[in-house]
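Novice: Numbering (my numbering), first residue to last: 840 to 1093. Please find one structure pasted underneath; my questions will follow.
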């Protein structure tokens, strides 16, 4: 039975997609069978795992509007053993409108993913940076929500809204949903601010906080432009080591 984790934060630029890419790759490196699902119309998870958007016949958009089956949208990540991907395209941004009149529109992704769930150890869903119907679909599908938080002054802003949304989904749509935990990203050990943010969040959040903190790291920032996760792009970098540790923590929670 695959464990399904949605990576969500409606605030952009917090390392959400970076975490989705590298957690998926590091879980696969540890010989877990992983399916990464790109629910963000920007498609950065798709390109960050080295899949050319132009070469794809079917995307998650085609799946959501009922034009194809889930088997037809799963592609292999050629460079990475044990990792497969459901890619996206900019067409997905139109799905919100097309879902308006659909029955059970909150469960469209869930119905498809649950057909293949048992083939994987982990299914990682990268959500769009908004609390939209696409994010709701990810949360009704998931067992838990992992929240990346950037170590900056406004880190807690919007977080209560996200937690409220998770609680609403749990109460009304998916009683199994839990908060997987919070992971700090873009940590800069040279600044007092990063340390203060970590302490502040720990004091104010009653959630599981992962011990692993992802550093601000130039190699992490470069890797997506080469279509590689950090463990392939620079295996010995601080970013690669951090995501390996995060993968270990996620596995231990099973």
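The C-beta atom is built at its ideal place from N, Cα and C for all residues, glycine as well. Note that the coordinates shown come from a computational prediction; the quantities given were computed from them, not determined experimentally.
Taking contact to mean at least 3 C-beta pairs separated by less than 8 Å, is the segment 972-987 in contact with the segment 1015-1025?
Specialist: Touching, yes, given that three or more Cβ pairs across the two stretches are closer than 8 Å.
Novice: Sort 860, 870 and 888 by Cα distance to residue 959 and report the nearest one.
Specialist: Here residue 959 corresponds to residue number 120 of the chain shown, with the count starting at 1. Nearest option by C-alpha distance: 870.
Novice: Going straight from the alpha carbon of residue 1011 to that of residue 1040, what length do you get?
Specialist: Taking the chain shown and counting its residues from 1, the one referred to as residue 1011 is at position 172. Taking the chain shown and counting its residues from 1, the one referred to as residue 1040 is at position 201. Taking the straight line joining both Cα atoms gives about 27 Å.
Novice: Determine which residues share a DSSP beta bridge with residue 1020 and list them.
Specialist: Locating residue 1020 in the chain shown gives position 181, counting from the first residue. DSSP, once it has assigned bridges, lists 985 as partnering residue 1020.
Novice: Taking just the CA atoms, how far does residue 1049 sit from residue 1083?
Specialist: Position 244 of the chain shown, counted from the start, is the residue given in the question as residue 1083. Position 210 of the chain shown, counted from the start, is the residue given in the question as residue 1049. Those two C-alpha atoms are separated by around 13 Å.
Novice: With distances taken between CB atoms, is the gap from residue 963 to residue 844 smaller than 7 Å?
Specialist: For the purposes of this step, residue 963 is identified with residue 124 of the chain shown, where counting begins at 1. For the purposes of this step, residue 844 is identified with residue 5 of the chain shown, where counting begins at 1. Against a cut-off of 7 Å, the Cβ pair of residue 844 and residue 963 comes out as a contact.
Novice: If we ignore side chains and look at the alpha-carbon of each, how far apart do residue 968 and residue 849 end up?
Specialist: As a working note, residue 968 is residue 129 in the chain shown. As a working note, residue 849 is residue 10 in the chain shown. Approximately 4 Å between the Cα atoms of the pair.
Novice: Let me know the secondary structure DSSP gives residue 1054 once reduced to three states.
Specialist: The residue given as residue 1054 occupies position 215 in the chain shown. Of the three classes helix, strand and coil, the one that applies to residue 1054 here is strand, per DSSP.
Novice: Helix, strand or coil: which one does DSSP assign to residue 992?
Specialist: By 1-based counting over the chain shown, the position of residue 992 is 153. Three-state result, residue 992: coil.
Novice: For residue 899, report the span of its alpha helix (DSSP H) as first-last.
Specialist: The count along the chain shown starts at 1 and reaches residue 899 at position 60. Start and end: 899-903.
Novice: Could you give the residue range of the beta strand (DSSP E) that holds residue 876?
Specialist: Against the chain shown, residue 876 aligns to sequence position 37. Here the beta strand (DSSP E) through residue 876 covers 873-877.
Novice: Excluding the 5 residues flanking residue 997 on each side, which residues of the same chain have their C-beta closer than 8 Å to its C-beta?
Specialist: As a working note, residue 997 is residue 158 in the chain shown. Cβ within range, chain order: 848, 849 and 850.
Novice: Could you tell me which of 874, 1088, 994 and 918 sits nearest to residue 965, measuring between CA atoms?
Specialist: Locating residue 965 in the chain shown gives position 126, where the first residue counts as 1. Selected option, being the one with the closest Cα: 874.
Novice: Measuring CA to CA, which of 910, 1014 and 903 is closest to residue 936?
Specialist: Residue numbering aside, residue 936 sits at position 97 when the chain shown is read from its first letter. The residue with the shortest Cα to Cα distance from residue 936 is 903.
Novice: Based on Cα-Cα distance, which residue from 981, 842 and 855 lies nearest to residue 1063?
Specialist: Within the chain shown, the letter at position 224 stands for residue 1063. Cα-wise, what sits closest to residue 1063 is 855.
Novice: For residue 837, which residues from the same chain have a beta carbon less than 7 Å from its beta carbon, with the 5 sequence-adjacent residues on both sides left out?
Specialist: This structure does not reach residue 837, given that the chain is present from 840 up to 1093, and the question cannot be answered.
Novice: Rounded to the nearest angstrom, what separates residue 1020 and residue 1047 at their Cα positions?
Specialist: Here residue 1020 refers to the residue found at position 181 of the chain shown. Here residue 1047 refers to the residue found at position 208 of the chain shown. Taking the straight line joining both Cα atoms gives about 5 Å.
Novice: What residues are listed by DSSP as bridge partners for residue 845?
Specialist: In the chain shown, counting from the first residue as 1, residue 845 sits at position 6. Answer by DSSP bridge pairing, in chain order: 964 and 984.
Novice: Do residue 1053 and residue 1033 have their C-beta atoms closer together than 7 Å?
Specialist: Sequence index remark: in the chain shown, residue 1053 carries index 214 (1-based). Sequence index remark: in the chain shown, residue 1033 carries index 194 (1-based). No, the pair does not count as a contact, with Cβ atoms beyond the cut-off.
Novice: Can you tell me which of 1004, 1013 and 911 puts its alpha carbon nearest to the alpha carbon of residue 925?
Specialist: Reading the chain shown from its first residue, position 86 is the one you call residue 925. Considering only alpha carbons, the answer is 911.
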